[in-house]
Amino acid sequence: MELVFSKWVFAFSLCCWLIFCVALSVEGLHGDSKVRGVNLGGWLVIEGWIKPSLFDGIPNGDMLVQFKSVTLQKYVCAENGGGMDISVNRDAASSWETLTLWRVSESEFQFRTTQGQFLTCYGNGCSVSATATSASSTETFQIERNNNGRIHIKIKSGTYLQATIGNQLTADYPGTPGWDDNAATFEMSIIANNLHGDYQLANGYGHNKAKQVLEGHRNSFINVGDFEFLYRHGINTVRIPVGWWIAFDPDPPAPFIGGTLEALDNAFSWAQAYNIKCIIDLHAAPGSQNGMEHSASRDGTVGWPTSDYISQTLHVIDFLASRYARHPALLGIELLNEPSAAAVSLDTIVSYYKQGYEVVRKRSPSAYVIICQRIGNADPLELYQADIGSHNIVVDLHYYNLFDTFFVNMSVLDNIQFIYQSREAQLQALNGANGPLVFIGEWVNEWNVTSGSQSDYQAFGRAQLEVYDAASFGWAYWTLKNDRQHWDFEWNIRNGYLQLSNSQKKKNFNSLIWLLLASVWFHLCQIL
């Protein structure tokens, strides 16, 4: 009897030990395990640099321009950045002479000054001024151009603008100008075409063509096969960027194109099939939270920090939470991606995060609520001191050895040491803080080193994986697919530049543990 009891105690103890091992090592999102994720960037929120060919067919896709009168040899100028009549009186062009184009159709545009006013003209014979705070028909102009960089500008009535001998811009040129040196002819210089986001794509192509382009992209860029690939390589989570217009699908406000909601539904289904979890990341908020293309900014400005836009954003969060709260694939909702520290105050973002936390909690008691650090030299510790929420809250940090002059001249060894020293020290401090979990929601196996070998990249990737694995919530690589190879997770894996061998070893170890557990349990039953 004592022998049987001893065997029973031994078997029971062994079971407990094996269960403990599984709890500490399992790679899925159960118990104490962490996120090993990949972002699906450039899919439901467009970033032109990820797939530039999406923009190849847009006509007249200009952004920042300057106009010079061919007769006066002077630049069109919005004095003081706007607020008065337009002059044609500058020998050289700078910020006052630079206008942002807001495209209305293939040939119709609105012009915005550096201070945010629009050029406006009330009709034939009137002067052009920069006094309108919003744009309508009187702020809409048509551009005609030839192949030599010369243009004509006319108002809705068909009258052409001209530069007068008094250095004014007026809508009173008689008749139709030719392309010779006349008062209605200007030279246009394109200064920058630096935004390639959802707004520029949809507005540039027009609704019908944009719908065709985006439907093709959404159906082909990410599919079920990608989830199978991620599963095979030990990835347990996808972070999916979405734009605010998803809440209005299938007919979002112009110029945005519907269809992202159906695609997100598909992603959740594919994720569930492969036991992968989903983080919904609000990447683009109404008005733009950082002025970048990935927030669907219209012209590089930040308009989000207003009560109306924040209210709209909370509506979007509520929509997403209510739709996916009970879906078994949902892991968490990220309230906002990369708010600008320069344009969004700490008080504003903390207030929004607190409200967003409550919105999600109203729909789900357990979904993780993820809050992103402000970008632009803001200390992420500020979010740990803000007391935003009490349960399942995560701070998202984005770690790139890029986008800062600090990294420009770093060597291979410098970059790797920075990961092991500075990044690791910050992670340890935040992990030890009494507050949210730590998530490295974006990182990449790329740097400013121009001559790195494959072994250099492997060492850099290995350093990041070793350090970021310590983050209490986990990490997510940016991004699954990208025309730039080293940003492309799939390319890195297939070509051996990023090695996730530890993940596979853990999976094999887990399988062995479960096999031993089953065997012990069988013998335990035999004893009893």
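Using mature numbering (1 follows the signal peptide of the UniProt record, and there is no 0), the letters of the sequence shown map in sequence onto residues -23 to -1, 1 to 505.
Even glycine gets a Cβ: it sits at the ideal position worked out from N, Cα and C.
- Between the region 156 to 163 and the region 36 to 56, the count of Cβ pairs shorter than 8 Å is three or higher; the stretches touch.
- Only residues of its own chain outside the window of five on either side were considered, and among them Leu17 and Trp20 have a CB closer than 6 Å to the CB of Ile199, listed in chain order.
- For Trp156, the three-state secondary structure derived from DSSP is coil.
- Asn472 and Glu85 have their C-alpha atoms spaced approximately 47 Å apart.
- Between the alpha carbons of Ser341 and Val444 lies a distance of about 31 Å.
- Looking at the DSSP output, Leu76 bridges to Val42.
- A direct Cα-Cα distance of roughly 34 Å separates Leu76 from Glu419.
- A distance of 7 Å or more separates the beta carbons of Val371 and Val426.
- Collapsing the DSSP output to three states places Phe245 in a helix.
- Contact annotation: Leu477 and Gly211 have beta-carbon atoms nearer than 7 Å.
- Nearest in C-alpha terms to Gln119, of all of Ile142, Gly429 and Ser134, is Ser134.
- Following the DSSP letters along the chain, one finds Trp420 in no alpha helix (DSSP H) but inside the beta strand (DSSP E) bounded by residues Leu414 to Trp420.
- Residue Arg303 holds the alpha-carbon nearest to the alpha-carbon of Gln249 among Arg303, Asn196, Arg461 and Ser197.
- Nearest Cα to Tyr182 within the set Arg122, Tyr251, Ser82 and Ser272: Ser82.
- A residue is called buried when at least 16 other Cβ atoms come within 10 angstroms of its Cβ; Phe383 does not meet this threshold and is exposed.
- Of the other Cβ atoms in all chains shown, fewer than 16 fall within 10 Å of the Cβ of Gln50; this residue is therefore exposed.
- Between the alpha carbons of Lys331 and Gly366 lies a gap of roughly 7 Å.
- For Pro29, the secondary structure class from DSSP, reduced to helix, strand or coil, is helix.
- His173 and Ala262 have their alpha carbons spaced roughly 16 Å apart.
- The C-beta distance from Ile167 to Val42 rounds to 6 Å, short enough to meet the 8 Å contact threshold.
- Annotation for Arg216: the continuous beta strand (DSSP E) segment containing it runs Thr214 to Gly220.
- In this model, Asn408 and Val415 are separated by some 6 Å (Cα to Cα).
- The beta-carbon separation of Tyr361 and Gly412, rounded to 4 Å, stays under the 8 Å limit for a contact.
- Going by beta carbons, Tyr377 and Tyr434 fall outside the 7 Å limit.
- DSSP places Val81 in the coil class of the three-state scheme, outside both helix and strand.
- For the pair of segments examined, the region 216 to 230 was found to touch the region 253 to 262: the number of CB pairs separated by less than 8 Å reaches three.
- The region 436 to 452 makes contact with the region 390 to 410, as at least three CB pairs between them are under 8 Å.
- Judged by DSSP in its simplified three-state form, Ile35 adopts coil rather than helix or strand.
- Cα atoms of Asp203 and Val321: separation of roughly 36 Å, rounded to the nearest angstrom.
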